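The opening residue of the sequence shown carries number 8 in the numbering used here; numbering runs sequentially from there. Where is the CB? At the ideal position from N, CA and C, for every residue including glycine. It should be emphasised that the depicted structure is a prediction, and the values quoted were computed from it without experimental measurement. Structure record follows, encoded as structure tokens.
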Amino acid sequence: ERGYIVLASDAPLFGDNKVLDNFTSIGNMEEVFAQQLFTNGNSLLGVMVHDDITSLNLLMSLENVDKNNIGCIGHSMGGARCMYLSALDERVKATVISNSVANMKQKSGSGIKYTWLTVLPGITKFTETNGILALIAPRPLQVFYSENDPIYPIEEAEKQITPVKEIYSKLNSNSFVSIKIEDKAHAFPKQNREEAYLFLDKYL
8 ERGYIVLASD APLFGDNKVL DNFTSIGNME EVFAQQLFTN GNSLLGVMVH DDITSLNLLM
68 SLENVDKNNI GCIGHSMGGA RCMYLSALDE RVKATVISNS VANMKQKSGS GIKYTWLTVL
128 PGITKFTETN GILALIAPRP LQVFYSENDP IYPIEEAEKQ ITPVKEIYSK LNSNSFVSIK
188 IEDKAHAFPK QNREEAYLFL DKYL
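Below, the structure written as structure tokens:
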């Protein structure tokens, strides 16, 4: 409706991408499968990013796709997917992520629980979330975070966003935008989605 060609793919084990039918009777099958991947030296995040790069290859192969104007938008785990895809592949020209930014490293006994689905083993030896986001610079990046998000706490989101703003400033780029969603938990309301679409319209 907005003039975009859109590819929206389900992550492994979600929606139509149910690759493990024999796991359907097990609670939290996604978490169980992710843990099993870790024991074999892999990660579900790696599988997701590989899938997303493959999806990007598909888009690039289509004649009616403007290959110089491809964007990525995602909420929650979809936002994490967009973050890593955009950081690793410069074919993504503009990125919007919602409710996906927090500290990767937590103090022992903090009580904060993370899903196994978006964990990158050993990453905090080298960087934090802001380091991944920095790989997107100076390409356009819009980050939404919610005031009352229990999964990605606001204080952590703002801690990670601050150095990213500084990097864009040092690169003389004004194409980084962060927006706090007031009085919401883990949400991407319609009015904010409209802001995201306008951001993509501006840069694509």
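Could you check where the beta strand (DSSP E) with E82 kicks off and where it finishes? Counted from its first residue, the sequence shown places residue 82 at position 75. It should be pointed out that residue 82 corresponds to His in this sequence rather than to Glu. Residues I77 to H82.
Runs of alpha helix (DSSP H) lying entirely within the stretch 85–161, each at least 4 residues, in chain order: 136–141
Look up F183 in the DSSP assignment and give the residues it is bridged to. The residue you call residue 183 lines up with position 176 of the sequence shown. BP columns for F183 point to L148.
Exposed or buried, E154, counting other C-beta atoms within 10 Å across all chains shown (16 or more means buried)? Looking up residue 154 in the sequence shown gives position 147. The residue is exposed, with fewer than 16 neighbouring Cβ atoms inside 10 Å.
Tell me, please, whether the stretch 97–110 touches the stretch 146–163 by the rule of three or more beta-carbon pairs shorter than 8 Å. yes
With a Cβ-Cβ cutoff of 9 Å, do I104 and G129 count as a contact? The residue labelled residue 104 in the question sits at position 97 within the sequence shown. The residue labelled residue 129 in the question sits at position 122 within the sequence shown. Going by C-beta atoms, I104 is not nearer than 9 Å to G129.
I need the straight-line Cα distance from T169 to D23, nearest angstrom please. Here residue 169 refers to the residue found at position 162 when the sequence shown is read from its first residue. Here residue 23 refers to the residue found at position 16 when the sequence shown is read from its first residue. When rounded, the distance between both Cα atoms is 37 Å.
Start and end of the alpha helix (DSSP H) containing H57? Sequence index remark: in the sequence shown, residue 57 carries index 50 (1-based). Where H57 is concerned, the enclosing alpha helix (DSSP H) stretches over L51 to S68.
Identify, in the order they occur along the chain, each residue of the same chain with its Cβ nearer than 8 Å to the Cβ of L63, setting aside the five sequence neighbours on each side. If you number the sequence shown from 1, residue 63 lands on position 56. Cβ within range, chain order: I77, L92, D96, R98 and V99.
With contact counted as at least three CB pairs below 8 Å, one residue from each stretch, are the stretch 179–191 and the stretch 139–153 in contact? yes
Note the first and the last residue of the continuous alpha helix (DSSP H) segment covering R200. Counted from its first residue, the sequence shown places residue 200 at position 193. R200 -> alpha helix (DSSP H) spans K197 to Y210.
Within 10 angstroms of the Cβ of G10, are there 16 or more other Cβ atoms? Answer buried if so, exposed if not. Residue 10 sits at position 3 when you count from the first residue of the sequence shown. That one is exposed.
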